[in-house]
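Chains A and B are the protein sequences, given in the same order. Sequential numbering of the first sequence, starting at 125, is according to the numbering used here. Sequential numbering of the second sequence, starting at 125, is according to the numbering used here. C-beta: ideal position from N, C-alpha, C; glycine also.
Number of protein chains: 2
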Amino acid sequence: MGSTQLETVPEPKYWHLKTVLSEALDSEFAVGEILPNERDLAARFGVARATLRQALEQLELEGRLQRRRGVGTTVAPPRMGVAVGTEQHAWPGAAGDAWQSADCAQAAPPAAVAAILETDRNEVVHTVRRSRMSHGQPVAAELLYIPASSVPGLTAIDAPSGPARARAVLRELQHLELEGQERAVELGSARADDAKELDRLPGAPVLVVTTRFVAAGRVAALSVATYRADTCRLTFGDSGSVEIHHGPERQAS
Amino acid sequence: MGSTQLETVPEPKYWHLKTVLSEALDSEFAVGEILPNERDLAARFGVARATLRQALEQLELEGRLQRRRGVGTTVAPPRMGVAVGTEQHAWPGAAGDAWQSADCAQAAPPAAVAAILETDRNEVVHTVRRSRMSHGQPVAAELLYIPASSVPGLTAIDAPSGPARARAVLRELQHLELEGQERAVELGSARADDAKELDRLPGAPVLVVTTRFVAAGRVAALSVATYRADTCRLTFGDSGSVEIHHGPERQAS
Chain A
125 MGSTQLETVP
135 EPKYWHLKTV
145 LSEALDSEFA
155 VGEILPNERD
165 LAARFGVARA
175 TLRQALEQLE
185 LEGRLQRRRG
195 VGTTVAPPRM
205 GVAVGTEQHA
215 WPGAAGDAWQ
225 SADCAQAAPP
235 AAVAAILETD
245 RNEVVHTVRR
255 SRMSHGQPVA
265 AELLYIPASS
275 VPGLTAIDAP
285 SGPARARAVL
295 RELQHLELEG
305 QERAVELGSA
315 RADDAKELDR
325 LPGAPVLVVT
335 TRFVAAGRVA
345 ALSVATYRAD
355 TCRLTFGDSG
365 SVEIHHGPER
375 QAS
Chain B
125 MGSTQLETVP
135 EPKYWHLKTV
145 LSEALDSEFA
155 VGEILPNERD
165 LAARFGVARA
175 TLRQALEQLE
185 LEGRLQRRRG
195 VGTTVAPPRM
205 GVAVGTEQHA
215 WPGAAGDAWQ
225 SADCAQAAPP
235 AAVAAILETD
245 RNEVVHTVRR
255 SRMSHGQPVA
265 AELLYIPASS
275 VPGLTAIDAP
285 SGPARARAVL
295 RELQHLELEG
305 QERAVELGSA
315 RADDAKELDR
325 LPGAPVLVVT
335 TRFVAAGRVA
345 ALSVATYRAD
355 TCRLTFGDSG
365 SVEIHHGPER
375 QAS
């Protein structure tokens, strides 16, 4: 085992319970199995309900448990590895893209988006809504903002609305030379429309991936993608694969 | 403004309040300013305390508000952009590394780590603890696991412990040829020791970045880095810069 010189820090009571519960999940419960109710669990481990609830919340945050209305608390499957950063130098909609276009609208973007795009107040911005599935489950919802000046060849009569319009916009986008892309990941909360699409409650924690696609020295398209934080592990490889794979291991900490 | 064809979804009551509060934060409050107490805020916006609390929780999750013991709820500065994915093909401890070594121990790694490293039960694993600062604030804590077989030239007498030992381990690591690195980002909760280092409460939401460093066809080192989710936006650029920069914009959704 060797000796450790790392400083030890006293941990709160629920933390020890969380560790014990986590081991019980590994040894006694199968994925998808419903946990006993809180009263029974608190009695079994000899802790107060409040302590138990804190431990359950932590395990939910770490993706070990799922709480669903009308079902109860179940043992979560390992998080899915979802490739995010490996499609270098390809526009949205290029061959091999994992996203499905759902709709396309011309709407004024939120102020924060307009600031990044540096668009004029009167410039049309195409807003493409896309979704991403993995293993039959929705894993992410995306809003893709494309200023009209990025797709000058687009004609109004060609597919006026819906998924066909979205595909027409993305097809035009491929004509630009992509100079670079910059991604950022941060914690967010699910908007009501995204939550519905992702089968979550509004306000659930999500991982927000913002990607700026740069062409001709400016941001030619901006993607704001909302990933389920409970089921997804976002992978950024420098191997070339864009395949979505199940990762066998849990959070390694 | 143009017309929108995106489906509209009814939003819960606190969501509208969140939007209103967010605008009030922009127009009436400065960064660092303490918000009025919950009773006064609920009265001002004509909502129940429970509704107000939900909205405040969302704003905290999105990094707009900070709650600190003994201080109250304050307006958060914009999240810092912290570069994570741009140091391609460099070992930890290479020139320009943003991390500071704090300690080094020989300890049995957690089971999940051992599984990834595929180490024998008896093999020594060096555990280097490092920390990362930005703008005078702690932004991340890291545990770096390096099997003894990855650093065969390391002598036991050379710096037996502490930061000097950590640097000796990392120096040896540079001799291996780095074949690739794979990163994953997921939601987690702060362990007590990380929480202390990051000036957060145990269990606070964190972004866990796991990096596998591959050499000679196997994982030669594994980094598990815990980033503050409230103050950090993790950036993955394909430009070469490793500079940490303040991002002026908020979550663009």
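Spatial neighbours of residue i in its chain, beta-carbon cut-off 7 Å, leaving aside the 5 residues before and after
i: Gly-327 (chain B); result: Ser-313 and Ala-314
i: Thr-359 (chain A); result: Gly-205, Val-206, Ala-207 and Val-208
i: Pro-287 (chain B); result: Ser-225, Ala-226 and Asp-227
i: Pro-262 (chain B); result: Ser-255, Glu-321, Leu-322 and Asp-323
Beta-carbon proximity list for residue i, same chain, < 8 Å, skipping 5 on both sides
i: Ala-172 (chain B); result: Ala-166
i: Ile-158 (chain A); result: Val-195, Gly-196, Thr-197 and Thr-198
i: Ala-154 (chain A); result: Val-199
i: Val-332 (chain A); result: Val-309, Glu-310, Leu-311, Gly-312, Val-348, Ala-349, Thr-350 and Tyr-351
i: Val-248 (chain A); result: Gln-230, Pro-271 and Ala-272
i: Pro-160 (chain B); result: Arg-168
Helix, strand or coil at residue i [DSSP, three-state]
i: Trp-139 (chain A); result: helix
i: Thr-243 (chain A); result: coil
i: Pro-329 (chain B); result: strand
i: Arg-307 (chain A); result: strand
i: Ser-285 (chain A); result: coil
i: Phe-153 (chain A); result: coil
i: Thr-355 (chain A); result: coil
i: Glu-301 (chain B); result: coil
i: Val-279 (chain B); result: According to the sequence provided, residue 279 (chain B) is Thr. The question's Val does not apply to it. In this structure, Thr-279 (chain B) counts as coil in the three-state DSSP scheme.
i: Ala-172 (chain A); result: coil
i: Ser-346 (chain A); result: It should be noted that the sequence gives Leu, not Ser, for residue 346 (chain A). Leu-346 (chain A): strand per DSSP, three-state reduction.
i: Ala-264 (chain A); result: strand
i: Val-401 (chain B); result: Nothing in the structure corresponds to residue 401 (chain B), since chain B is present only between 125 and 377.
i: Ala-229 (chain B); result: strand
i: Val-252 (chain A); result: strand
i: Ala-340 (chain A); result: coil
Candidates the options, of which the one nearest residue i by Cα
i: Leu-180 (chain B); options: B:Ser-258, B:Arg-253, B:Ala-148 and B:Trp-223; result: B:Ala-148
i: Ile-240 (chain A); options: A:Ile-270, A:Asp-354, A:Ala-231 and A:Trp-223; result: A:Ile-270
i: Glu-348 (chain B); options: B:Arg-191, B:Leu-311 and B:Gly-304; result: According to the sequence provided, residue 348 (chain B) is Val. The question's Glu does not apply to it. Closest by alpha carbon: B:Leu-311.
i: Asp-317 (chain A); options: A:His-259, A:Lys-142, A:Ala-232 and A:Ser-255; result: A:Ser-255
i: Ala-222 (chain A); options: A:Ala-264, A:Arg-192 and A:Gln-182; result: A:Ala-264
i: Leu-141 (chain B); options: B:Asp-164, B:Gly-170 and B:Asp-150; result: B:Gly-170
i: Pro-276 (chain A); options: A:Leu-294, A:His-213, A:Arg-168 and A:Ala-236; result: A:Leu-294
i: Arg-342 (chain B); options: B:Pro-329, B:Glu-296, B:Thr-243 and B:Asp-164; result: B:Thr-243
i: Glu-186 (chain B); options: B:Pro-329, B:Ala-345, B:Arg-336 and B:Glu-306; result: B:Pro-329
i: Ala-235 (chain B); options: A:Arg-336, A:Thr-335, A:Ser-146 and A:Trp-139; result: A:Ser-146
i: Leu-189 (chain B); options: B:Ala-219, B:Asp-150 and B:Arg-253; result: B:Asp-150
i: Arg-245 (chain A); options: A:Ala-290, A:Pro-233 and A:Cys-356; result: A:Pro-233
i: Gly-217 (chain B); options: B:Lys-320, B:Arg-289, B:Ala-340 and B:Val-237; result: B:Arg-289
Endpoints, the alpha helix (DSSP H) within which residue i is located
i: Ala-318 (chain A); result: Per the sequence shown, the amino acid found at residue 318 (chain A) is Asp instead of Ala. 316–322 is the extent of the alpha helix (DSSP H) around Asp-318 (chain A).
i: Leu-165 (chain B); result: 162–169
Extent of the continuous beta strand (DSSP E) run through residue i
i: His-259 (chain B); result: Per DSSP, His-259 (chain B) belongs to no beta strand (DSSP E) and is neither H nor E.
Beta-carbon proximity list for residue i, same chain, < 6 Å, skipping 5 on both sides
i: Arg-324 (chain A); result: Ala-314
i: Lys-137 (chain A); result: Thr-175
i: His-213 (chain B); result: Leu-302
Continuous beta strand (DSSP E) assignments of at least 3 residues falling wholly in the region 182–226 of chain B: 189–192, 196–199 and 204–207
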